[in-house]
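J.: My numbering numbers the first residue of the sequence shown as 282 and each following residue consecutively.
From the three backbone atoms N, C-alpha and C, an ideal C-beta is built for every residue, glycine too.
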Amino acid sequence: MKVYDAASIRNVALVGHSGSGKTQLAAAALTDAGMVTRFGKVDEGTTVTDFDEEEVARKHTLSASLAYVEWNRQKINLIDTPGIGNFLSEARAALRVADAALVVVDAVSGVMVQTEKTWAAAEELGLPRLVVVNRLDRERASLERSLQSLRESCNRTVIPIQLPIGEERSFCGVVDLISKKAFIFKTDETGAFSEAPVPADMAGAVDQAREALIEMVAEADEQLMEKFFEAGTLTDDELVTGLRGATLAGRLFPLVCTSGLVNIGVPQLLDAVLACLPSPADRPFPALDAAGAPTTRRADERQPTEAFVWKTVADPFAGRITMFRVVSGTVKADSTIHNKTRDTSERLGHVALLQGKTQANVPEIKAGDLGAVAKLKDTLTSDTLGDKGDPVTFRPITFPEPVLSYAIEPKSRGDEDKISTSMHRLEEEDPSIRYSRDPQTKELLLSGQGQLHIEVTVAKLKRRFGVDVNLKPPRIPYRETIKASTEAHGRHKKQTGGHGQFGDCKIRMEPLARGADFEYVDDIFGGSIPRQFIPAIEKGIQETRLKGYLAGYPVVDFRVTVYDGSYHDVDSNELSFKLAGSLAFKDAMTRARPTILEPIMNVEVHAPSDFAGDLMGDLNGRRGRIGGMDTRGGMTVIKAIVPMAEMLTYEQHLTSATGGRGSYHMEYSHYDEVPAHLQTKIIAAAKAERTGEEVEEA
Ligand SMILES: Nc1nc2c(ncn2[C@@H]2O[C@H](COP(=O)(O)OP(=O)(O)OP(=O)(O)O)[C@@H](O)[C@H]2O)c(=O)[nH]1
Ligand SMILES: [Mg+2]
282 MKVYDAASIR
292 NVALVGHSGS
302 GKTQLAAAAL
312 TDAGMVTRFG
322 KVDEGTTVTD
332 FDEEEVARKH
342 TLSASLAYVE
352 WNRQKINLID
362 TPGIGNFLSE
372 ARAALRVADA
382 ALVVVDAVSG
392 VMVQTEKTWA
402 AAEELGLPRL
412 VVVNRLDRER
422 ASLERSLQSL
432 RESCNRTVIP
442 IQLPIGEERS
452 FCGVVDLISK
462 KAFIFKTDET
472 GAFSEAPVPA
482 DMAGAVDQAR
492 EALIEMVAEA
502 DEQLMEKFFE
512 AGTLTDDELV
522 TGLRGATLAG
532 RLFPLVCTSG
542 LVNIGVPQLL
552 DAVLACLPSP
562 ADRPFPALDA
572 AGAPTTRRAD
582 ERQPTEAFVW
592 KTVADPFAGR
602 ITMFRVVSGT
612 VKADSTIHNK
622 TRDTSERLGH
632 VALLQGKTQA
642 NVPEIKAGDL
652 GAVAKLKDTL
662 TSDTLGDKGD
672 PVTFRPITFP
682 EPVLSYAIEP
692 KSRGDEDKIS
702 TSMHRLEEED
712 PSIRYSRDPQ
722 TKELLLSGQG
732 QLHIEVTVAK
742 LKRRFGVDVN
752 LKPPRIPYRE
762 TIKASTEAHG
772 RHKKQTGGHG
782 QFGDCKIRME
792 PLARGADFEY
802 VDDIFGGSIP
812 RQFIPAIEKG
822 IQETRLKGYL
832 AGYPVVDFRV
842 TVYDGSYHDV
852 DSNELSFKLA
862 GSLAFKDAMT
872 RARPTILEPI
882 MNVEVHAPSD
892 FAGDLMGDLN
902 GRRGRIGGMD
912 TRGGMTVIKA
922 IVPMAEMLTY
932 EQHLTSATGG
942 RGSYHMEYSH
952 YDEVPAHLQT
962 KIIAAAKAER
972 TGEEVEEA
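1. Give, in chain order, every unbroken run of the alpha helix (DSSP H) that is at least 4 residues long and sits entirely within the stretch 535–613.
2. Which of the three DSSP states, helix, strand or coil, is assigned to HIS631?
3. So, for GLU768: in the same chain, excluding its five sequence neighbours on each side, which residues have a beta-carbon less than 6 Å away from its beta-carbon?
4. Consult DSSP for MET870 and reduce its assignment to one of helix, strand or coil.
5. How do the stretch 743–753 and the stretch 683–702 stand: do at least 3 beta-carbon pairs fall below 8 Å, yes or no?
6. Is LYS398 near ligand 2, judged by its Cβ being under 7 Å from some heavy atom?
7. For the beta strand (DSSP E) holding SER346, just list the boundary residues, first then last.
8. THR665 to ASN358, Cα distance in whole Å?
9. Relative to the C-alpha of ALA287, which candidate in GLN730, ARG840, GLU932 and ASP581 has its C-alpha closest?
10. Buried or exposed: ASN353, going by 16 or more other Cβ atoms within 10 Å of its Cβ?
11. If you scan the stretch 447–500 from start to end, which runs of the beta strand (DSSP E) of 3 or more residues do you find wholly inside it?
12. Give me the residue from THR576, LEU524 and GLU496 with the minimum Cα distance to GLY988.
13. Expressed to the nearest angstrom, what Euclidean distance is found between the alpha-carbon atoms of VAL843 and TYR945?
14. Per the contact definition of three or more C-beta pairs closer than 8 Å, is the stretch 806–814 in contact with the stretch 891–903?
15. Could you tell me if SER460 is buried or exposed, where buried requires 16 or more neighbouring beta carbons within 10 angstroms of its beta carbon?
16. Give me the DSSP bridge partner(s) of THR917.
17. What number of angstroms, rounded off, separates the C-alpha of ALA966 from the C-alpha of THR912?
18. Under DSSP, the alpha helix (DSSP H) around ASN358 begins and ends at which residues?
19. Got a sec, what are the start and stop residues for the beta strand (DSSP E) ASN901 sits in?
20. Starting from GLU710, trace the alpha helix (DSSP H) in both directions and tell me its first and last residue.
21. For ASN436, does the three-state DSSP call read helix, strand or coil?
22. Mind checking whether the beta-carbon of SER344 lies closer than 7 Å to any heavy atom of ligand 4?
23. Could you tell me the distance, in whole angstroms, from the CA atom of VAL837 to the CA atom of TYR848?
24. At the level of alpha carbons, what is the spacing between ASP469 and SER717?
25. Under the assumption that GLU885 contacts VAL394 (Cβ atoms under 8 Å), give the Cβ distance between them as a whole number of angstroms.
26. Let me know if HIS887 comes out buried or exposed under the rule of 16 or more other beta-carbons within 10 Å of its beta-carbon.
27. Output the distance between the C-alpha atoms of THR539 and VAL412, rounded to the nearest integer angstrom.
28. Comparing alpha-carbon positions, which option in GLY526, THR576, LEU569 and MET882 lies nearest ASP563?
29. Distance check for ILE545 and SER289, CA to CA, integer angstroms please.
30. In this structure, does DSSP put VAL976 in helix, strand or coil?
31. So, do the stretch 637–656 and the stretch 605–621 have three or more beta carbon pairs nearer to each other than 8 Å?
32. Skipping 5 residues on each side, what residues in its chain have a beta carbon closer than 6 Å to that of ALA614?
33. Residues in its own chain within less than 8 Å of ILE922 by CB, not counting five upstream and five downstream?
34. What residues in its chain sit with their C-beta under 7 Å from that of ALA486, if we drop five residues either side in the sequence?
35. List in chain order: all unbroken alpha helix (DSSP H) runs of 4+ residues lying wholly within the stretch 375–415.
36. Quick one: any contact between the stretch 616–631 and the stretch 398–405, if contact means 3 or more CB pairs under 8 Å?
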């Protein structure tokens with residue numbers, strides 16, 4: 282196995298909406314580069330990058346994975362990522378170790394929700410982007426409409442460097458606008474092609490598109506602009522270097538045309554990756570210095586070794602697999618490396634390059650390349666591995682908070698312990714899930730980004746760890762709060778035989794702004810309550826407020842000030858003041874006008890414009906407020922805010938209402954008060970759930 286240095290590597294993440302053909306493109310690239318003997322197909326479950334059983338079964342990428350091709354003696358690392366919204370954190374993590382993104386767009390539907398999300402994520406990281414308009418062989422595919430939606434929703438400076446030859450089923454190749462060469466493919470999926478002159482009927486369109494490309498490239502660079510004005514055009518060399526410069530600078534986004542399934546245009550796509558996108562040597566990697574301030578680190582083998590862990594896989598047999606990017610220096614097999622995030626030493630056995638699930642052991646991995654190592658003890662995603670004395674670390678990857686929780690219960694009684702250890706392993710692999718126990722109902726909760734995310738996690742739990750669980754309907758994480766200020770008194774007094782119990786406090790309670798949670802203020806002067814008991818009062822209130830008042834949901838966004846009280850020299854103790862605090866809280870709640878809050882989601886729906894009216898009507902029916910509507914290339918984008926409780930069944934509704942052509946994305950926005958008539962229902966439901974087990978509190 283060859284070891285590649287930074288200048289001959291490209292790290293690109295394939296991102297974009299689900300179904301745009303990212304995985305199929307990676308499979309075609311592997312075939313065309315001769316890395317595999319058989320052309321993998323998503324539909325047959327035979328691709329290199331969708332190797333997980335769950336991915337094969339669902340025909341969707343659910344987890345980022347790595348493949349590489351050798352192309353013109355350079356190594357292109359392809360990170361295939363999920364396009365389904367629930368799994369977008371995988372794409373975000375992949376972008377952190379990529380030097381550029383391949384934004385894949387379906388030529389039929391154009392830009393969709395996740396195209397925009399991943400585009401924005403790449404933008405945030407300052408990554409150059411190459412746009413791939415894929416599936417051009419399909420009925421109703423259109424470069425023109427796709428380009429229009431890209432320019433409207435992503436960037437005005439998306440610019441084709443190729444034109445497709447033939448339309449829909451007769452799509453058979455591309456014209457390279459720089460060299461003005463046509464590449465005609467055999468449509469037998471082999472990726473074999475021959476060079477030909479530009480088809481006569483395309484000559485005009487090619488000249489026009491080439492002119493547009495030259496102008497865009499000239500516009501992106503002042504010097505080229507001057508040359509362009511003098512000469513009226515650019516030379517091919519100027520065009521090539523200008524295009525690369527402008528792409529690296531994020532001023533232009535070149536566009537190429539493909540069909541991953543028929544295997545057309547993919548060799549030219551790989552050429553464009555080498556020609557237009559940066560190698561690690563071109564792009565200093567973002568890092569943090571000793572003080573935690575932003576800096577960069579060049580992909581230089583002679584610098585101290587630093588590696589950034591971007592992903593962890595929980596394999597029941599191989600154990601933990603840690604995937605990293607070597608940022609500088611060299612990671613060597615059979616060596617020791619320091620985990621700087623946890624200040625522990627890790628022993629590296631084999632280090633490997635990954636081709637999907639296949640690990641190829643190598644003696645070392647140099648700066649700029651991506652690799653993996655198994656069985657590290659303490660290392661998790663986001664950690665920095667490297668030389669102990671070197672101050673550089675890397676900004677942790679941020680994962681989204683869960684938006685939805687389901688209660689789970691083991692199908693067989695004895696599995697409780699196994700659930701917990703297996704879930705912790707899965708949490709390491711996917712930090713956007715959370716496993717916890719509901720403090721009120723004591724149920725086991727699995728929280729994640731959506732229904733599909735939860736289902737996939739449960740499937741992994743079963744398949745990898747042999748733990749079978751039942752999923753109970755999702756619960757909405759309601760909260761309670763207060764609307765009025767009040768004062769209250771709590772006194773706990775008990776005289777049983779010898780030692781008594783005595784605690785007594787007076788509190789003020791007032792509402793705080795949304796999101797403030799809970800504040801506790803000590804305003805005791807003159808020792809009416811001894812110092813050591815003041816935290817006990819807070820503890821009593823904390824415990825009680827988390828159990829809720831109206832319907833068992835945590836009470837939030839209020840302040841309690843203890844301002845007076847009394848004590849007994851002998852009988853006062855912590856427990857008594859804890860109980861006094863709890864009593865004062867409950868007393869206050871009777872007058873503080875308690876109410877219930879619900880999570881509200883930001884929702885964005887994309888669908889063909891014919892469905893816009895129906896979809897808006899439906900969102901209104903779900904207590905939604907439409908925030909805006911936009912039309913882009915035949916697609917309507919509806920923005921709305923809708924209570925989470927009304928969105929639980931949306932996925933199914935949208936699919937059936939639009940015949941599968943609509944898509945949506947939602948994320949948590951804020952908490953808002955539940956309308957009174959619905960509060961009554963929530964309280965009744967909570968009561969019904971509690972009856973029978975509500976004996977513990979006296
Ligand atoms: N006709 C046609 N179908 C394609 C093409 N590329 C992919 N497909 C099909 O489109 C479907 C989705 O392709 P994938 O490669 O799985 O799409 P993806 O972007 O990886 O989707 P996610 O993994 O869900 O993000 C599969 O049924 C493919 O066979 C193409 O160029 N032409
Ligand atoms: Mg995929």
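T.: Judging by the given coordinates:
1. 547–557
2. coil
3. ARG789
4. If DSSP states are grouped into helix, strand and coil, MET870 belongs with the helices.
5. yes
6. Checking every heavy atom of ligand 2 against the Cβ of LYS398, none is found closer than 7 Å.
7. 346–352
8. 21 Å
9. If we check each option's Cα against that of ALA287, ASP581 comes out closest.
10. exposed
11. Listed in chain order, the complete beta strand (DSSP E) runs (minimum 3 residues) inside the stretch 447–500 are 454–457, 462–466 and 474–477.
12. In this structure the chain extends from 282 to 979, so residue 988 is not present and cannot be described.
13. 48 Å
14. no
15. exposed
16. In DSSP, THR917 forms a bridge with ALA888 and THR912.
17. Roughly 42 Å separates the two Cα atoms.
18. No alpha helix (DSSP H) contains ASN358, which is instead part of the beta strand (DSSP E) from 355–361.
19. Counting along the chain, ASN901 falls outside any beta strand (DSSP E), though it belongs to the alpha helix (DSSP H) covering 893–902.
20. 697–710
21. coil
22. Ligands displayed in this structure: ligand 1 and ligand 2; ligand 4 is not among them.
23. 29 Å
24. Cα to Cα, ASP469 sits roughly 52 Å from SER717.
25. 6 Å
26. buried
27. C-alpha separation (whole angstroms): 11 Å.
28. GLY526
29. 25 Å
30. Residue confidence for VAL976 is low, a pLDDT of 36 falling below 50, so the modelled location carries little weight and cannot support an answer.
31. yes
32. HIS631, VAL632 and PRO644
33. Taken in chain order, the residues that qualify are ILE881, MET882, ASN883, VAL884, GLY905, ARG906, GLY908 and SER950.
34. Counting only Cβ-Cβ distances below 7 Å, and skipping sequence neighbours, we find LEU444.
35. 394–405
36. no
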